[in-house]
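What follows is a single structure, written as C-alpha cells, with notes after it.
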Amino acid sequence: MVLQLDTKASGTIVTSRVDALITTHMNAVGAYSLNLDTAKGSETDLAVYATGTVSVHGDENTFSNELCQIISSELTRRAHGMFLWASLAWAFFTDGVGIWTKKIIAQRLQVLQHLLPGMESLYQRTLDEVGLRYRNDLLHSLHPIVSAAKPLTVDDLSIALASRERRDELRDIDPRLNVQAFFRSACPHLIRIGKTGMGTLVHLSCKDYLIGAPMMNNKPNNSHIDAVTANLEMGLDCLSYLALDGFATHDLGIACEQHKFLSYAYEYWFHHLEGRNDLAEDIWHYLSRLFDLSTKRVRWYDISELVLRLWHHNLYCLFESGVKPPFQLSLNITDTYGDHFIHVVVTNMRKLPLEAMRFLTSLGLDINGRTRFRQALLHRCIREWQGEQDLAILREESGETQKGTTEPFASEKALSEILSFPGVGPDVVGL
C-alpha cells in the first residue's frame, strides 16, 4: 500500500489489517490519499505462498490437485493479502488431524469459509483449541509476555513465572524448566522464540486481542487478560524477587550475571507499579525487606536513587512507611546535580505542588534544602520572580504582548505560600 501525504508518496507500508480498517485509520490521521491498489501485488505473493504450502502438504497426504486448488484459493480469497492471517488459518485448518478424509477436508473448508475477517477471530479459535490440560499454564505464561515493558528471554520468563509464588528464600524459587518446549507444543503459531531466546507474540494484534474486550463475537473471550491486573502482578513479582533472602552477593552487576530476571526486576518494578499509592501497604511489604536495619542501607539501591525513583514514578506514599522506625529513610538527599530533593519536587512545576510539599515536609523533608548553587527555595523563588519582573518590563517597553496565561512558578503568591511553611523566613538566606 502507498500512503500519500500532500502530493508525495511517503512509502510502502506492510500491514496485516483489512482494507476497511486501514482506510478508516488513515483517514482519521489526515492522509491526503490512500492507494490500496498496489496491495494487489501482496495478494499475488500470498497466492503463491498458499499454493506452495498446500501443495506440499497435499503431496504428503495424497490430496488431489483439485482439492489443493480449492483449499489454496479459499485461503487466498479470505486472507485479503494478510500473510499472518493465512498462516494462522492454515495452521488452524491442519491442526489436530491425524488421518485425512474428504469429509474432514470438507468440514475444515466450511469452517474456513465462515471465519470472520481480521485477526481476532483466528486468535480466539486458536487459543480456544488449546487443550484444557494446558489452558491454565498457557494463560499463566502469557501474563508476563503481555505485561513486560520489554521482551523477556525464555530464561527470564522461567524465573518470572516462578516468582508469582512469592517465596521468601532464593533457594525456594522453582524455575520453569521447559518454557520454550511448552510454547512450541501448546501454542506454536502465536508465540515466537527468536534466535536470541526472546519470547514474543507473533504480532501486536495478538496482544490487542488478549487484553481487549472480555467478550468477542458475542462469546466470552476465554483467553482475556486484565491488563491492569497483569501489570500490577508483574511489578510485585519483580519486587518480591529482589527482596528474596539468599543472594550470595549484593553487588548488582555480579548478581545480574549470576541470576536471570534480576536485571529486569531491578529496572522495571517502578514502571509496573507507577502511581499505585492505593497499594502502598502491599508494595511496602516487599520493599521493606530490602532495608538493612543495622546499616540503614537498601539492598541493590543507593538511598538517593531509591528516593528519586519513587518520586518520579509517583510512589511517594511509600515514604510514609519508610521514614518511620526502624527504617528511618531520610528524604534529605540530593540528585546527581547536587540539588536537594525539595528542589527536585518543585522543578518544572508551573505552580508550587503545595499538597505534596506539606506531605513531604511532615515526613522530615527540609524546606530549606539548597541547590548546587547554595540557594534555598525562598532564595530561588525571589531570584526567579525578580527575573520575571525584569522580563515583563522589557516586554512592556518593546511593546511585546506576553504569550500564554499560565501563572509562572515564581510569583508574589508563591513567595507568600513558601513563607507559610514553618521554619522559613527572610533570615534563612543571605540576599
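Under the working numbering, residues 2 to 432 are what the sequence shown spells out, in order.
The beta carbon of each residue, even a glycine, is placed where N, CA and C say it ideally should be.
None of these values were measured; they are calculated from a predicted model.
For Ile226, which residues in the same chain have their Cβ closer than 6 Å to its Cβ, ignoring the five residues on either side in sequence? For this step, residue 226 is matched to residue 225 along the sequence shown. Val147, Leu211, Ile212, listed in sequence order.
State buried or exposed for Ile1, treating a residue as buried only when at least 16 other CB atoms are found within 10 Å of its CB. Residue coverage of the chain in this structure runs from 2 to 432, which leaves residue 1 outside it and unanswerable.
According to the Cβ coordinates, are Ile368 and Gly424 closer than 8 Å? Taking the first residue of the sequence shown as position 1, residue 368 is located at position 367. Taking the first residue of the sequence shown as position 1, residue 424 is located at position 423. Their beta carbons are under 8 Å apart, which means Ile368 touches Gly424 by this criterion.
Looking at C-beta atoms only, is the number of pairs between the stretch 129-143 and the stretch 167-187 that lie closer than 8 Å three or more? yes
With a CB to CB cut of under 7 Å and the five nearest residues on each side skipped, what residues in its chain are close to Ala214? Along the sequence shown, read from residue 1 onward, the residue named residue 214 stands at position 213. Only Asn222 meet the Cβ criterion.
According to DSSP, is Thr45 helix, strand or coil? Counted from its first residue, the sequence shown places residue 45 at position 44. Here Thr45 sits in helix by DSSP.
Quick one: give me the first and last residue of the beta strand (DSSP E) that Thr201 is part of. One-based indexing of the sequence shown puts residue 201 at position 200. Element bounds for Thr201: 199-202.
Alpha carbon to alpha carbon, how far is Leu245 from Asp279? Give it in angstroms, no decimals. Within the sequence shown, numbered from 1, the residue matching residue 279 stands at position 278. Within the sequence shown, numbered from 1, the residue matching residue 245 stands at position 244. The alpha-carbon of Asp279 is positioned some 24 Å away from that of Leu245.
Going by Cα to Cα distance, which pick from Glu306, Thr372, Pro118, Ala149 is closest to Cys239? Counted from its first residue, the sequence shown places residue 239 at position 238. Of the listed residues, the one whose Cα sits closest to Cys239 is Ala149.
Quick one: grab the DSSP three-state call for His341. Sequence index remark: in the sequence shown, residue 341 carries index 340 (1-based). Note: His341 maps to strand in three-state DSSP.
The alpha helix (DSSP H) enclosing Gln79, as first and last residue numbers: For the purposes of this step, residue 79 is taken as the residue at position 78 of the sequence shown. Checking the sequence shown, residue 79 turns out to be Arg, not Gln. 66-80 is the extent of the alpha helix (DSSP H) around Arg79.
By Cβ distance, which residues of its chain are closer than 7 Å to Thr161, with the 5 residues on each side in sequence left out? For the purposes of this step, residue 161 is taken as the residue at position 160 of the sequence shown. For clarity, residue 161 is Ala in the given sequence; the question names Thr instead. Within the same chain, Ala161 has close Cβ partners Pro145, Leu153, Asp238, Phe262.
With a CB to CB cut of under 6 Å and the five nearest residues on each side skipped, what residues in its chain are close to His26? Here the question's residue 26 lines up with position 25 in the sequence shown. Note that His26 has pLDDT 47, beneath the 50 cutoff, so the model's placement of it is unreliable and the number below is only indicative. Excluding positions up to five away in sequence, the list is empty.
So, Ser289 versus Ile334, is the Cβ gap smaller than 8 Å? Against the sequence shown, residue 289 aligns to sequence position 288. Against the sequence shown, residue 334 aligns to sequence position 333. Contact flag unset, no.
Is the beta carbon of Arg310 less than 8 Å from the beta carbon of Ser241? Position 309 of the sequence shown, counted from the first residue, corresponds to residue 310. Position 240 of the sequence shown, counted from the first residue, corresponds to residue 241. Against a cut-off of 8 Å, the Cβ pair of Ser241 and Arg310 comes out as no contact.
Which complete alpha helix (DSSP H) runs does the stretch 247-301 hold, if anything under 4 residues is left out? 253-259, 263-273, 281-288
Using the beta-carbon count (16 or more within 10 Å), is Ala87 buried or exposed? One-based indexing of the sequence shown puts residue 87 at position 86. So Ala87 counts as buried.
Is Ile192 helix, strand or coil when you go by DSSP? To locate residue 192, count along the sequence shown from 1; it is residue 191. Looking at Ile192 - three-state DSSP - the assignment turns out to be strand.
Are the CB atoms of Ser332 and Leu361 nearer to each other than 8 Å? What you label residue 332 is simply residue 331 of the sequence shown in a count that begins at 1. What you label residue 361 is simply residue 360 of the sequence shown in a count that begins at 1. Here the sequence assigns Leu to residue 332, which means Ser is not the residue at that position. In this structure, Leu361 lies closer than 8 Å to Leu332 by Cβ.
Buried/exposed call for Ala377, threshold 16 Cβ in 10 Å: Locating residue 377 in the sequence shown gives position 376, counting from the first residue. It is buried - the Cβ of Ala377 has at least 16 other Cβ atoms within 10 Å.
Can you tell me which of the three DSSP states Glu61 falls into? In the sequence shown, residue 61 corresponds to position 60, counting from 1. Reduced to three states, the DSSP call for Glu61 is helix.
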